Ligand SMILES: [Zn+2]
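In the working numbering, the protein residues as written are 190 to 579.
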């Protein structure tokens, strides 16, 4: 067993060198790392389906596409041992390698007042907050290196969420969606991968302690099972998970441009959704408040917070003729953003080219911005939404 393991590691290193040459995905400051040990690809695993199940569109030009196909001869890596360390590509934290040898999971979580407090957001690597129709916001929470036993309430998907899910090769958990969303999801398959409660109820449960529609919950383990049975995970994929953002190596401070010292800020989504963050210098985290109170995770009782919070201003329109007033958010392009990390704020420009590419940030000199390792929350706001700093 040791011999075969060493053989795989050698093969893995060879693939890593190839990956370095082809896509420069090795961990470094100022570039986009994939997994800490690159070239390991997706795990084949003993439960890997042998057929050509749905794939993430490898080789289709997506980010981190080091090449290969589900049927290529890449050695199947054994499960990593607890002693092997890796870097989570979604949040940059050092973790057990085995914990990041999965597809990322994304879960659509409600933020309407009846849905609070939510569960599981405190375990997410990246959380996007996005407006939806009716002046409310919804979360898109990404999980990879940490498990969450309860996540929710889970709600329906919106088309612009696919722009954030697909660059990471993530599988998104949701409860249905608008007709336009479901049509778009169908058109994007098999690159788009989803677990919908309406056709996979076994991957969710309905809590008797909450009333509908705020009672649908899931967990990372249920979603991984559903992901395997759907053929999303376990196929012989050679692409590593691209990094969600540029991260400094774990434990190292990024070389940040000149910023402004900031103690906190408030983003004025509509009144019940106005969100405030205060910087806690002792922990280096931005602590979150909503509706004037600490926003806590129901599963742990801990106040939600993040190492980095980004406010992303995005051109937004109400879809003409939509009876519900649903929104269209233009995430293909760019605009202004504010990044809050290390007790400072940085005015940057965000950019995104096409649905399959991730969001990037550039400082005033056009240099890519590198973030400290740690959870990231991105508050996506219609252009013109007031933002106060103090
Ligand atoms: Zn992570």
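Even glycine gets a Cβ: it sits at the ideal position worked out from N, Cα and C.
Small disclaimer: the values here were computed from a predicted structure and weren't measured.
Assigned with DSSP and collapsed to three states, residue 297 falls in strand.
In the structure shown, residue 534 adopts extended strand secondary structure according to DSSP, grouped into three states. Contact check for residue 578 against residue 454 passes: the beta carbons are separated by less than 8 angstroms. A direct Cα-Cα distance of roughly 12 angstroms separates residue 553 from residue 528. Taking one beta carbon from each stretch, the region 304-319 and the region 479-498 have 3 or more pairs nearer than 8 angstroms; the two touch. For residue 459, no alpha helix (DSSP H) run applies, since DSSP gives it neither H nor E. The beta carbon of residue 525 sits closer than 6 angstroms to the beta carbons of 502 from its chain, once the five residues preceding and following it are set aside; these are given in chain order. In this structure residue 422 is buried. Its beta-carbon is surrounded by 16 or more other beta-carbon atoms within 10 angstroms.
When rounded, the separation of the alpha-carbon atoms in residue 481 and residue 543 is 37 angstroms.
Placement of the Cβ of residue 280 at a distance of less than 7 angstroms from at least one heavy atom of ligand 1 is found. In the three-state scheme derived from DSSP, where H, G and I count as helix and E and B as strand, residue 323 is classed as helix. Relative to residue 466, the option among 532, 459, 490 and 412 whose CA is nearest is 532.
Excluding five sequence positions before and after residue 301, the CB atoms of its chain that fall closer than 7 angstroms to its own CB belong to 325, given in chain order. Here residue 544 carries a coil assignment [DSSP, helix/strand/coil]. By the C-beta criterion, the region 396-411 is judged not to be in contact with the region 455-474, since fewer than 3 inter-stretch pairs fall below 8 angstroms. Three or more Cβ pairs closer than 8 angstroms define a contact, and the region 553-572 meets that threshold against the region 438-452. A direct Cα-to-Cα measurement between residue 275 and residue 514 gives close to 44 angstroms. Contact annotation: the region 282-302 touches the region 335-345, with at least three C-beta pairs closer than 8 angstroms.
At least one heavy atom of ligand 1 lies less than 7 angstroms from the C-beta of residue 334. Annotated three-state conformation of residue 391 is helix, per DSSP. Not one heavy atom of ligand 1 is found less than 7 angstroms from the C-beta of residue 405.
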